[in-house]
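K.L.:
Going from the sequence shown to my numbering is simple: count from 1 and add 7. Just so you know, even glycine gets a beta-carbon here, dropped at the ideal spot from N, CA and C. After the structure tokens below, expect a handful of questions from me.
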Amino acid sequence: MALASLVLPHTATAHGGQHVRSPERLEQRRLFLADGKRLLKDCANSDASRRLKERAVARRAAKAESLRAERRQRRRLDLDTVLATSHKSNLTGLTNATDASELFGDDVKCILEPEVTQGPYYVNGELVRSDIREDQKGVDLYAEIQIIDVNTCEPVEGLYLDFWHCNATGVYSGIVASGNGDSSDTTNVDKTFLRGLTPTDEDGVASYTSIFPGHYTSRATHIHIIGTYNGTLLENNTYSGGYASHVGQLFFDQDLITEVELTSPYSTNTQELTTNADDMILSEEAAEDFDPFFEYVLLGDSVS
């Protein structure tokens, strides 16, 4: 569906209710974000930032073309199957006229804020992997997140980024709880779909293959991330310990959400859909003059 360029949000809260901060904490947060925004703006004009931007444009453009070629091949195989069964197909080729440098050339936009709250339905010991789909059905999502140290304008290498979200019908793996699908299904506690973490590379980039997240009651469609360092990579390919230094949530344009929600299996979700405009967490993000939204490009003519 989409290849996402850099988006770094800066807060996270728990599932139910609001994350209430004291006036002192709010002032500390305001000063932290204001200073971070100033430093980030300064980084945009640095030589290091320009070099990173050039590499990002080339990398994301190459990834988009690779994914389009892969999808074209899958479409051709699908078409061959259709023709073999004497069915008529109106399948057309995949096109995208937008120049890659325009799609993937934007500067970084947001600040990640250190927080104690780890976010809703966080699970320790997730697998280190970039493809977290397993058997989950939905619109494929190819996401890239880049971490920059605003104090040095250099990429942050070796930061392990947890990346998790609910499935197309609003259920998180690894959790048995009221409001998270069938609470009587105790087998869900052993499931690991749509969860994983991967270290950032020399350009500060972590890439993931997932599906577009579904929705659940009271929250707009979103993805969670946590950045952790000084942990241990275990023999069973999980990451243990360390210090969770950065927490965030990623959001999507409402038009894109609406388009995805019309497709199966998203359309079978009976939970109430909360729009971006009605999400209290997102309204707090936007109030700080930051943009916690994915930038994206469709790899075909539609999300289907």
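#1: Apart from the five residues on each side of it in sequence, which residues of its chain come closer than 7 angstroms, Cβ to Cβ, to Ser-247?
#2: Can you tell me whether DSSP reads Phe-170 as helix, strand or coil?
#3: Below 8 angstroms between beta carbons: does that hold for Arg-62 and Asp-210?
#4: Less than 8 angstroms between the C-beta atoms of Ala-251 and Ile-233, yes or no?
#5: In whole angstroms, what is the alpha-carbon distance linking Pro-289 and Ile-218?
#6: Could you give the distance in angstroms between the alpha-carbon of Tyr-223 and the alpha-carbon of Gln-143?
#7: How big is the Cα-Cα spacing for Tyr-128 and Val-183?
#8: Whole angstroms are fine: how far does the CA of Leu-59 sit from the CA of Pro-272?
#9: Quick one: grab the DSSP three-state call for Ala-150.
#10: Straight-line CA distance for Gly-145 to Asp-298?
#11: My output table needs one value for Thr-194: the three-state DSSP class, helix, strand or coil.
#12: With respect to 7 angstroms, is the separation between the Cβ of Leu-168 and the closest non-hydrogen atom of the ligand ADP below this value?
#13: Taking its Cβ as the centre, do 16 or more other Cβ atoms sit within 10 Å of Ala-213, making it buried, or is it exposed?
#14: Take Lys-198 and list the residues in its own chain whose beta-carbon comes closer than 7 angstroms to its own, dropping the five residues that flank it on each side.
#15: Check for me: the beta strand (DSSP E) holding Ile-232 runs from which residue to which?
#16: For Ser-190, does the count of other Cβ atoms within 10 angstroms reach 16, so buried, or fall short, so exposed?
#17: Considering only C-alpha positions, which residue in the set Phe-200, Asp-262, His-253, Tyr-167 is nearest to Ala-284?
#18: Assign Leu-38 to buried or exposed, taking buried as 16 or more other Cβ atoms, counted over all protein chains shown, within 10 Å of its Cβ.
#19: Please name the residue in Glu-161, Ser-53, Trp-171, Asn-52 whose C-alpha comes closest to that of Val-130.
#20: Report, in whole angstroms, the separation of the C-beta atoms of Tyr-236 and Gly-221, which I expect to be a contact under 8 angstroms.
#21: Looking at the unbroken alpha helix (DSSP H) that takes in Thr-282, where does it start and where does it end?
P.N.:
On the basis of the coordinates in this document:
#1: Non-local beta-carbon contacts of Ser-247 in its own chain, meaning distances under 7 angstroms to residues more than five positions away in sequence, involve Gly-132, Gly-238, Thr-239, Leu-241 in chain order.
#2: The answer is strand: DSSP assigns Phe-170 an E or B state.
#3: Taking 8 angstroms as the Cβ cut-off, Arg-62 and Asp-210 qualify as a contacting pair.
#4: Yes; because the gap between Cβ atoms is below 8 angstroms, this pair is in contact.
#5: Looking at the sequence itself, residue 289 is Leu, so the reference to Pro does not match. Answer to the nearest angstrom: the Cα atoms are 21 angstroms apart.
#6: Roughly 16 angstroms separates the two Cα atoms.
#7: In this structure, the CA atom of Tyr-128 is about 10 angstroms from the CA atom of Val-183.
#8: Between the C-alpha atoms of Pro-272 and Leu-59 there is a straight-line separation of about 38 angstroms.
#9: Reduced to three states, the DSSP call for Ala-150 is strand.
#10: Spanning the two alpha carbons is a distance of roughly 26 angstroms.
#11: DSSP places Thr-194 in helix when its eight states are reduced to three.
#12: Absent from the structure shown: the ligand ADP. Ligands present: none.
#13: Classification for Ala-213: buried.
#14: The beta carbon of Lys-198 sits closer than 7 angstroms to the beta carbons of Ser-180, Gly-181 from its chain, once the five residues preceding and following it are set aside; these are given in chain order.
#15: Counting along the chain, the beta strand (DSSP E) containing Ile-232 begins and ends at 229–240.
#16: Per the 10 Å Cβ criterion, exposed.
#17: That would be Asp-262, whose Cα lies nearest to the Cα of Ala-284.
#18: Leu-38 is exposed by the Cβ-count criterion.
#19: By alpha-carbon distance to Val-130, the top candidate from Glu-161, Ser-53, Trp-171, Asn-52 is Trp-171.
#20: About 31 angstroms separates the CB atoms of Tyr-236 and Gly-221; that is not less than 8 angstroms, and the two are not in contact.
#21: Careful: Thr-282 lies outside any alpha helix (DSSP H) and carries neither H nor E.
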